[in-house]
Structure formats: C-alpha cells, structure tokens
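Colleague: The letter at position 103 of the sequence shown is residue 1129 when you use my numbering, and the numbering goes up by one with no holes.
Glycine included, each C-beta is placed from N, C-alpha and C at the ideal position.
Note that the coordinates shown come from a computational prediction; the quantities given were computed from them, not determined experimentally.
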Amino acid sequence: MINENTDPVFEDDSVDRDRTLKDELGETIDKEQLKYNADDNSYEYDVKSDNPDYDHPDPYKTTAKNGEDMNSTYDEANPYDTTDEYIPNESLETDVDQLAMHVEGNEAVEVDPIDELLSHTPEDDRDDLDEEGYPKNDRK
C-alpha cells in the first residue's frame, strides 16, 4: 500500500541522506569491524588509529561490561558516574544527611513584605483566578 501523502524523498530507505555530509567530512564508519573483548564480554569503542600522534581526549576501552547499559539506571550521558547517582534504596525522609542535604526552617520559604508588595499584580485581586493566575474551575 502506497501512502499518497508521503514525500517521495523519504520513500527510499536505502538512500543515505547524510552521504554528502559524510563525504565532506571524510567520515568512515567501521561498525562491522569492532573488536570484541572477551574478558569484558564487550566491544571496544575506539578503533586503533594509524596516526601515532592521535590522543583521544577521553579514552575508554569498551562498552559497559555484559551489557550493563541495558538496565534503566545506566546513564549514557554520564557513564562514569552511575554508581551513586540513582541511589534507589535511600529515602528523603530518613537519609537526608547521607544525601548531602539539610532541612531548612520555614523562614527559607517566607516572603518578605517588601517582596510581596513589589510582586503584586492586578490579577492578584481577582476572585476568578487561582494562585497561579489560571481561571478557577467552578464546575465540580
């Protein structure tokens, strides 16, 4: 079945629309030539370079061991600091000190009278709006 609303440019999935960009940058993709590291049960990210002066700014050897990056607590944006980031067994109620937090008194959330005066708008005097300025829903 052919969808008549489809742009003909997007009909052919075999066309690599980024080919010109790849050609301009001289990019090569060796995804079929990744080296397997049996000790870590993983593939190596970096391809060995022929350039002796090449120094990767953030060297890494392999992907996460045994596919650990497949669980929901793995953070691809920060793969080196995922051990303590998601602390699933700690609670805000009981482990505040361990979480490097402290409890403030009510004075931290109280508004000074001058700030309240400066922030007053005509909408604050209207009865048909809630605290955020949205119309109240009187159909309940």
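1) Straight-line CA distance for L1118 to E1157?
2) For S1068, is the classification buried or exposed, using 16 other Cβ atoms within 10 angstroms of its Cβ as the cut-off for buried?
3) Given this structure, state the Cα-to-Cα distance separating L1125 from N1132, to the nearest angstrom.
4) Looking at the unbroken alpha helix (DSSP H) that takes in L1144, where does it start and where does it end?
5) Using DSSP's beta-bridge definition, name the partner residues of P1161.
6) I think A1148 touches L1155, with their Cβ atoms under 8 Å apart; what is that distance to the nearest whole Å?
7) Could you pull the DSSP bridge partners for Y1062 from this structure?
8) Is the distance from the Cβ of V1122 to the Cβ of H1128 below 8 Å?
9) What does the alpha-carbon distance come out to for the pair N1115 and E1130?
Modeller: Answer, in terms of the structure:
1) Locating residue 1118 in the sequence shown gives position 92, where the first residue counts as 1. Locating residue 1157 in the sequence shown gives position 131, where the first residue counts as 1. Between L1118 and E1157, the C-alpha separation is close to 28 Å.
2) Your numbering for residue 1068 matches position 42 in the sequence shown. Buried: at least 16 other Cβ atoms inside 10 Å.
3) By 1-based counting over the sequence shown, the position of residue 1125 is 99. By 1-based counting over the sequence shown, the position of residue 1132 is 106. Each residue's alpha carbon lies about 21 Å from the other.
4) Here residue 1144 corresponds to residue number 118 of the sequence shown, with the count starting at 1. Note, L1144: alpha helix (DSSP H), 1139-1144.
5) As a first step, residue 1161 is located in the sequence shown; it is residue number 135 there, counting from the start. P1161 pairs with L1155.
6) The residue you call residue 1148 lines up with position 122 of the sequence shown. The residue you call residue 1155 lines up with position 129 of the sequence shown. Contrary to the premise, residue 1148 reads as Pro rather than Ala in this sequence. So it is not a contact: roughly 10 Å between Cβ atoms.
7) Position 36 of the sequence shown, counted from the first residue, corresponds to residue 1062. DSSP lists Y1069 as partners of Y1062.
8) Within the sequence shown, the letter at position 96 stands for residue 1122. Within the sequence shown, the letter at position 102 stands for residue 1128. Contact: yes.
9) Here residue 1115 refers to the residue found at position 89 of the sequence shown. Here residue 1130 refers to the residue found at position 104 of the sequence shown. Computed Cα separation, rounded: 24 Å.
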